[in-house]
Amino acid sequence: MMPVRILFGLLWLSSYHFGTLSASSNTRLVQLASAPPLLFVNNQNFKNERKNQRRNHYFSCPQQQQQQQQPKRQQRQIDSENSAGILYSSRNQAEDLYGAVHRKEYEMRGVKAQHQSLSDPVRMAMSYAQESESPMRLARALRRVYEDAENPANPNATPRAPEEEERAQKLRQLGMTETGMRRASFIVDIKRKSLSRPGETFARFDDSGMVAEAMVRLGADAVFVNVDYRAYGGDISELKAAVRAVRGVSDTAAVVMKDIVVDEIQLGLAAEAGADGVLLIASVLGPALDNFLNLATAIGLETIVECHTHNEVKRALDALAQNILVSNHDRITGEYFPQQAIQLAGLFPGSGGPIISLACGDIQDTDQMKKHLAVGYDGVVVGKAVMGSPRAPEFIRAVRDRTLLPAEFSQWGLDDVEFDMDGNVMPGPKSDIPSPDDENTYQ
1055 MMPVRILFGL
1065 LWLSSYHFGT
1075 LSASSNTRLV
1085 QLASAPPLLF
1095 VNNQNFKNER
1105 KNQRRNHYFS
1115 CPQQQQQQQQ
1125 PKRQQRQIDS
1135 ENSAGILYSS
1145 RNQAEDLYGA
1155 VHRKEYEMRG
1165 VKAQHQSLSD
1175 PVRMAMSYAQ
1185 ESESPMRLAR
1195 ALRRVYEDAE
1205 NPANPNATPR
1215 APEEEERAQK
1225 LRQLGMTETG
1235 MRRASFIVDI
1245 KRKSLSRPGE
1255 TFARFDDSGM
1265 VAEAMVRLGA
1275 DAVFVNVDYR
1285 AYGGDISELK
1295 AAVRAVRGVS
1305 DTAAVVMKDI
1315 VVDEIQLGLA
1325 AEAGADGVLL
1335 IASVLGPALD
1345 NFLNLATAIG
1355 LETIVECHTH
1365 NEVKRALDAL
1375 AQNILVSNHD
1385 RITGEYFPQQ
1395 AIQLAGLFPG
1405 SGGPIISLAC
1415 GDIQDTDQMK
1425 KHLAVGYDGV
1435 VVGKAVMGSP
1445 RAPEFIRAVR
1455 DRTLLPAEFS
1465 QWGLDDVEFD
1475 MDGNVMPGPK
1485 SDIPSPDDEN
1495 TYQ
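Okay, here's the thing in structure tokens:
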């Protein structure tokens, strides 16, 4: 078909040479045909005229034009420099919790796109509820029930004598129980760097599985394996390697996946990798903590909820979290409060209760570690102090070779008293404890 513009142009030319259109012609066509010729023909003279007008206007007031153009050029240069600075700083600037959460959400969108199939192992790990009884490997490891022959949670426990069982039953009827000495647990946080220490790499190793195996052989009850490369320097393949290594040397030690959990797909990744538990950060999940706890329980995955403030601990207790980790580091502000975990120790039930309480956060020496245990915590998590350090056996022995008074006695001023595995006072380096080799002790 002939273009409309050309048709109207021919009508206009015909009306010019052969007279105006008849009265019977369409009124709209007459109006369009009477439009300027610029609609139909390429009027080069008109374009040249407009170009000359713009040129004359620019050179007629050059100072005004330069004043108008100069701020625009400067602003474009500043914007370009700022954008380049942002791109450069995004690679090298320290990442805070907000940046880590947003980055993790973006990464998980890609991970979920890779595991969309219903037959995918990760999706299957999330879709099937565990019908059998949970082995509770993490809880048993943190309680060290395998070393207590009288603990009923120990699969190899020896039955009590009839008199002892009758006495224990009477105590339970009265709402009481017999309190014994506590055994603390030691957890190693395997990582190359930390979100709380941005820009610092304090350990260099190639295989997290080898490190986990070595720590378990030394006596660690559980290991945290970090799988976030940007924040901690690990990935999911190292979690699988650690699970295989730990299973090869111990039937009781537990493996926990440590990550900035923001999506439920991460629970599926932990379950598919064979981890016994996963770490959940209360300040990251907020109101969604209940949903993550419920899903983890349904798929047979134990959890540890990391808290820092009084409200976060209360929130975790209200959500029926069984394992709670109190950190001395404030994840949101990045500040360090060395007494935070000690001050919050009174929020947990007494010894042998349903809640397992752990402490962590820049524990650098054994005295600091023993102080956290003396106020009632069931275990400590140590990372930097033992990673790449020959002091790892010292830390582990300081926990495993001692027993602790019940948590109810934490306010009795006996923090400096240490007891061996049989409950006897250890002579040790404490100044208030006499040594049996001292001749002046009993005079």
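Residues in the sequence shown are numbered from 1055 upward in steps of one, following the numbering used here. Glycine included, C-beta positions come from ideal geometry on N, C-alpha and C. Note that the structure is a prediction, hence the values are computed from the model and not measured.
8 Å contact criterion, which residue i and residue j should meet: CB distance rounded
i, j, result
"Val1277", "Val1242", "5 Å"
"Ser1411", "Tyr1431", "5 Å"
"Glu1048", "Val1310", "This structure cannot settle anything about residue 1048, because the visible part of the chain is limited to 1055 through 1497."
"Leu1192", "Gly1288", "So it is not a contact: roughly 19 Å between Cβ atoms."
"Phe1240", "Val1434", "6 Å"
"Leu1349", "Leu1374", "That belief does not hold up - the Cβ atoms of Leu1349 and Leu1374 are roughly 14 Å apart, past 8 Å."
"Ala1245", "Met1441", "The amino acid at residue 1245 is misidentified as Ala; the sequence shows Lys. Indeed, because the Cβ distance is near 7 Å, the residues count as touching under 8 Å."
"Asp1260", "Ala1295", "Between Ala1295 and Asp1260 the Cβ distance is about 10 Å, and since that is not below 8 Å, they are no contact."
"Val1155", "Val1338", "6 Å"
"Leu1323", "Ile1290", "6 Å"
C-alpha gap between residue i and residue j, whole angstroms
i, j, result
"Arg1284", "Ala1352", "30 Å"
"Thr1363", "Pro1408", "21 Å"
"Ala1257", "Thr1387", "24 Å"
"Phe1402", "Val1367", "9 Å"
"Thr1457", "Met1423", "14 Å"
"Val1380", "Leu1249", "16 Å"
"Ser1443", "Arg1385", "25 Å"
"Ala1325", "Asn1382", "28 Å"
"Leu1371", "Cys1414", "18 Å"
"Arg1197", "Ala1336", "23 Å"
"Gly1263", "Phe1473", "34 Å"
"Tyr1286", "Thr1357", "19 Å"
"Val1165", "Ala1399", "38 Å"
Closest by C-alpha distance to residue i, when choosing among the options
i, options, result
"Pro1209", "Thr1357, Tyr1200, Ala1215 and Ile1335", "Tyr1200"
"Gln1397", "Asp1419, Asp1372, Thr1420 and Leu1427", "Leu1427"
"Ser1186", "Arg1221, Arg1214 and Leu1355", "Leu1355"
"Pro1180", "Ser1188, His1169, Arg1198 and Asp1419", "It should be noted that the sequence gives Met, not Pro, for residue 1180. It is His1169 whose Cα lies nearest to the Cα of Met1180."
"Arg1369", "Met1235, Gly1340, Gln1393 and Ala1395", "Gly1340"
"Glu1254", "Glu1218, Glu1149 and Arg1226", "Glu1149"
"Val1034", "Met1162, Ile1319, Pro1189 and Asp1260", "With the chain running from 1055 to 1497 in the structure shown, residue 1034 is simply not present."
"Ala1461", "Lys1425, Tyr1182, Asp1455 and Pro1447", "Lys1425"
"Cys1361", "Ile1378, Ala1342, Leu1347 and Phe1346", "Ile1378"
"Gly1328", "Tyr1152, Lys1158, Pro1189 and Met1162", "Pro1189"
Where residue i falls, given that 16 or more other Cβ within 10 Å makes a residue buried
i, result
"Ser1171", "exposed"
"Gly1437", "buried"
"Pro1116", "Its pLDDT being 47, under 50, Pro1116 is placed unreliably by the model, and nothing is read from it."
"Tyr1160", "exposed"
"Ala1215", "exposed"
"Gln1394", "buried"
"Val1479", "exposed"
Residues near residue i by beta carbon distance below 8 Å, same chain, minus five either side
i, result
"Ala1307", "Ala1195, Val1270, Ala1274, Asp1275, Ala1276, Val1277 and Val1300"
"Gly1439", "Checking the displayed sequence, the identity of residue 1439 turns out to be Ala instead of Gly. The answer, listed in chain order, is Ile1417, Gln1418, Asp1419, Arg1445 and Phe1449."
Beta-carbon contacts of residue i that lie in its chain and below 6 Å, excluding the five residues immediately before and after
i, result
"Ser1079", "Low confidence applies to Ser1079: its pLDDT is 39, below 50, so where it sits in the model is not reliable, and the reading given next is rough at best. None."
"Val1315", "Leu1334"
"Glu1267", "Ala1299 and Val1303"
"Glu1219", "none"
Nonlocal neighbours in the same chain, by C-beta distance under 7 Å from residue i, ignoring five residues either side
i, result
"Gln1003", "An answer regarding residue 1003 cannot be provided, because it is not within the stretch 1055 to 1497 covered by the chain."
"Lys1224", "none"
"Ala1183", "Ala1352 and Ile1353"
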